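All remarks here apply to the structure that follows.
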Amino acid sequence: MSGIEVTATRPASRGTRMETRAGASRQSTFNEILARALLVFVALTPIPLGSNRPFFWAVNALAVGLLGLIYVVALRQTREPFRIGLERMWPSIVLYGGVALYLVIQALPLAQFGGPAIAALLTVPTAAGGVVTGQAISLAPSSTWLMLLRWATYGVLFLLVVQVASRTHRRELLLNGIVAIVVAYAIFGLASLLQLGDTLLSMPKWAYEGSATATFVNRNSFATFLSFGAVVTVTMLMGTFVRQDEGDGRRPAIDPIVLIYLLALALILAALFATQSRMGAVSGIVGCLVVAIMAQRRLRWRLGWFLLLLPVALAALAAIIYFYGQGLVERLGSQESTADVRLDLYAQVIEMIGVRPLLGYGGGAFEQAFQLFHHLPVSPDLVWDRAHNTYLALWSELGIVAGSIPVLLVGMAAAKLAWNSSRASSDWTGRVAAVGVVVVAAIHSLADFSLEIQANTILFVLLLGLGTSAAMSKRSHT
C-alpha cells in the first residue's frame with residue numbers, strides 16, 4: 136500500500152517541479168525585460184532639464200508606477216514570489232514609510248481641527264519678530280505633496296531594481312548600460328559647449344555660460360551625474376582585474392575591455408572638468424579613489440599594477456585638465472569668496488532650523504520658509520530657493536528627526552555594502568559601485584543640491600538598489 140502511495144505522488148512532484156521551473160523561467164524573462172526598461176528610463180530622465188520640474192516628476196512617477204504594476208501582475212500570473220522578499224528589508228521599509236507618513240501629516244490641513252495645541256503647531260515665528268500661521272505644518276502643502284510623490288517614486292524604483300538585479304549578468308548589464316548612458320551625456324555636454332554654441336538643448340543658456348551642462352540647467356547637477364558615471368566606470372575597470380584575480384592570483388594580461396573603460400573614463404572626466412564644478416570634481420575624484428582603494432584591498436597582486444598605472448593616470452588627468460579644465464582651475468581661485476557666501480547662508484538656515492527643529496517647515500517648502508529668515512549679509516538680490524546643502528535642506532524641511540532618516544538609510548546601506556567587500560566575488564562590482572556613488576553624493580551634498588535634481592536621484596537610487604541586490608542575492612539564479 137505504501138508503495139502505491141509513493142508511486143502516486145511521483146508524477147505530481149515532477150509536475151510541481153516543472154511548473155516551478157517554468158514560473159522561474161518566465162520570471163527571469165520579466166526581469167530581463169524590466170532591466171532594459173529601467174536603463175531606458177534612466178537614459179531619458181536627464182533630457183528634460185534633469186527632470187527638475189513638477190510635470191516631469193508626475194511623468195516619472197507614472198512610469199515607475201506602471202512598471203511596478205506590470206511587474207507585480209506578471210509575477211501573480213506565474214504565482215512566483217519576489218526573489219528578494221520584502222521581509223528581508225523590513226527595517227528600512229519601516230523607516231522609509233515613516234518619512235512618507237510624516238510628509239502626509241505635514242501637508243494635512245490641521246487648522247480645520249482647531250484648538251490651541253493645533254494653533255501652536257501651525258505658528259511660525261519669524262526673524263523680524265512676527266509670526267506666521269498657516270493651515271498646515273508645511274508652509275507650502277502643495278510642494279510637500281509633490282515631495283511625497285517623488286519619495287514614493289524612489290521607493291518603488293528601489294524595490295524594482297533590487298528584484299531585477301538579483302542575477303550577476305543583469306547587474307553587469309545595468310552597470311555597463313549606465314557607463315554607456317553617462318558617456319553619451321558627456322559627449323553631448325562637450326559638443327553642446329564646444330561645437331553647438333554653448334547651448335542648452337539648442338536653446339540659449341540663461342545660466343552657467345562657458346560651462347558644460349548637457350541637458351541640465353545647473354553645472355553642479357551635471358557634474359554629479361558625471362561623477363556617478365566615473366565611479367561606475369572605474370568600478371567596472373577594476374572589476375575586470377578582480378575577475379582575473381579570482382583565478383591563480385597572477386598579474387593578469389590587459390583585457391581589451393580595459394581600453395574601452397579607459398576611453399569611457401577619459402570622456403567622462405573631460406566633461407566633468409568642463410563643467411567647472413569644484414565640488415563636483417572633488418567628489419568625483421574622491422569617489423573614484425575610494426573604489427580604487429577597495430579594489431586594491433581585494434586584489435592579491437595588489438601594489439604592482441597600481442604603481443604602474445599611477446603615473447599614466449596622472450599624466451592623462453593632467454592632459455584632461457589642460458584641455459578641458461582651465462576654467463575649473465580659474466574658479467578654484469575664487470573659492471574663498473564663495474565659501475564666505477555659503478557660510479553666511481548656512482548660518483541663516485541653521486537659525487531657521489533652530490526655530491522649528493522637530494516639525495520642520497514642510498517637505499519641498501524651503502523657498503517659502505527661508506524668506507521668513509532671510510537677512511543680510513546674505514544677498515537680498517537673489518531668490519534662495521535651495522539651501523545648497525542637502526543635509527540642511529532635509530533638516531529644515533522635515534525636522535531633525537525625520538530629516539535624518541534618509542541620511543541614516545543611505546548610510547546603513549553603504550556600511551553593509553562596504554563590510555567584507557574585499558571578500559566578495561560575483562557581487563563585487565555592484566557593491567563597490569554603490570559605495571562609490573554614496574561617497575560622491577555625501578561629499579557633494581555638503582555644498583550643493585545635486586541630489587534634489589530628480590535625474591541624479593533616480594540614477595543614485597538605481598545604483599544603490601543594484602548594490603543592495605548584489606549583497607542580498609548571492610545564491611539567486613533568476
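Just so you know, we're using this note's numbering here: the sequence shown kicks off at 136 and counts up by one.
Glycine included, each C-beta is placed from N, C-alpha and C at the ideal position.
Computed from a predicted structure; not experimentally measured.
Residue from the options whose Cα sits closest to the Cα of residue i
| i | options | result |
| --- | --- | --- |
| P189 | F363, G264 and W280 | W280 |
| A401 | T261, I420, M414 and M282 | I420 |
| L256 | T268, D516 and K340 | T268 |
| F595 | A172, V175, F376 and Y289 | Y289 |
| L243 | Q270, V259 and L230 | Q270 |
| R285 | V314, V318, A198 and R558 | A198 |
| A549 | I313, L493, S227 and G265 | S227 |
| L407 | L328, L543, G538 and E502 | L328 |
| H510 | V476, I593 and T359 | V476 |
| L174 | A576, L274, Y496 and N311 | N311 |
| T350 | S356, W341, A358 and L335 | L335 |
| A263 | A170, L494, K551 and Q483 | Q483 |
| S356 | A606, F584 and M607 | F584 |
| G233 | V177, V194 and A287 | A287 |
| V417 | I593, R171, A582 and A193 | A582 |
| V570 | P492, L552 and I392 | L552 |
| L544 | L308, W225, F191 and Q330 | W225 |
Exposure label - residue i; buried when at least 16 CB within 10 Å
| i | result |
| --- | --- |
| G250 | exposed |
| I272 | buried |
| W563 | buried |
| N555 | exposed |
| W530 | buried |
| V518 | exposed |
| M338 | exposed |
| L598 | buried |
| Q241 | buried |
| E532 | buried |
| V572 | buried |
| S186 | buried |
| A427 | buried |
| S160 | exposed |
| T603 | buried |
| I541 | Here residue 541 turns out to be Pro, not Ile, going by the sequence shown. Its Cβ being crowded by 16 or more others within 10 Å, P541 is buried. |
| A547 | Before going further, note that residue 547 is Met rather than Ala in the sequence given. Looking at its Cβ environment, which holds fewer than 16 other Cβ atoms inside 10 Å, M547 is exposed. |
| H579 | buried |
| Q212 | exposed |
| L294 | buried |
| P181 | buried |
Beta-carbon proximity list for residue i, same chain, < 6 angstroms, skipping 5 on both sides
| i | result |
| --- | --- |
| S278 | G499 and A500 |
| L424 | none |
| V624 | Since the displayed the chain opens at 136 and closes at 613, residue 624 lies outside it and no answer follows. |
| F360 | N591 |
| A430 | M373 |
| F165 | A209 |
| I488 | W530 and S531 |
| P276 | A242 |
| V296 | L597, G600 and L601 |
| G538 | L529 and W530 |
| F217 | Q298 |
Neighbourhood of residue i by C-beta, 8 angstroms cutoff - its chain only, sequence neighbours within 5 removed
| i | result |
| --- | --- |
| R354 | Y343, S346, A347, T348, T410, Q411, S412 and G415 |
| L398 | none |
| P515 | H509 |
| L283 | A235, L238, V239, A242 and G498 |
| E471 | With a pLDDT of only 48 at E471, under the threshold of 50, the placement of this residue in the model should not be trusted, and no figure is reported. |
| E486 | A262 and F508 |
Residue i, DSSP secondary structure in three states
| i | result |
| --- | --- |
| V513 | coil |
| V199 | helix |
| T258 | strand |
| V518 | coil |
| T180 | coil |
Sequence-distant residues of its chain with Cβ nearer than 7 angstroms to residue i (five each side left out)
| i | result |
| --- | --- |
| V616 | Missing from the structure shown is residue 616; the chain here goes from 136 to 613 and no further. |
| Y396 | T368, M371 and L372 |
| I403 | V317, V318, A321, L361, G364, A365 and T368 |
| G374 | W563 and T564 |
| A567 | It should be pointed out that residue 567 corresponds to Val in this sequence rather than to Ala. These residues qualify, in order along the chain: T370, V426, M429 and S556. |
| L325 | A347, A405, A406 and A409 |
Residue i: CB within 7 angstroms of a non-hydrogen atom of the ligand GDP
| i | result |
| --- | --- |
| N555 | Only the bare structure without any ligand can be found here, which leaves the ligand GDP out of the picture. |
Kindly provide the ranges of any alpha helix (DSSP H) runs that are 4 or more residues long and lie completely inside the region 281-354, ordered along the chain.
-> You should have 303-329.
Where are the alpha helix (DSSP H) runs, 4 residues long or more, that stay fully inside the region 553-610, in chain order?
-> For the region 553-610, whole alpha helix (DSSP H) runs of length 4 or above, ordered along the chain, are 563-579 and 589-607.
Which runs of the alpha helix (DSSP H), 4 residues or longer, sit entirely within the region 376-426?
-> The alpha helix (DSSP H) runs lying completely inside the region 376-426 and spanning 4 residues or more are 391-409, given in chain order.
With a floor of 4 residues, list each alpha helix (DSSP H) that falls wholly inside the region 519-553, ordered by position along the chain.
-> Counting only runs of 4 or more, we get 525-553.
Quick one: which unbroken alpha helix (DSSP H) runs of 4-plus residues sit fully inside the region 180-250? Chain order, please.
-> For the region 180-250, whole alpha helix (DSSP H) runs of length 4 or above, ordered along the chain, are 189-213 and 225-242.
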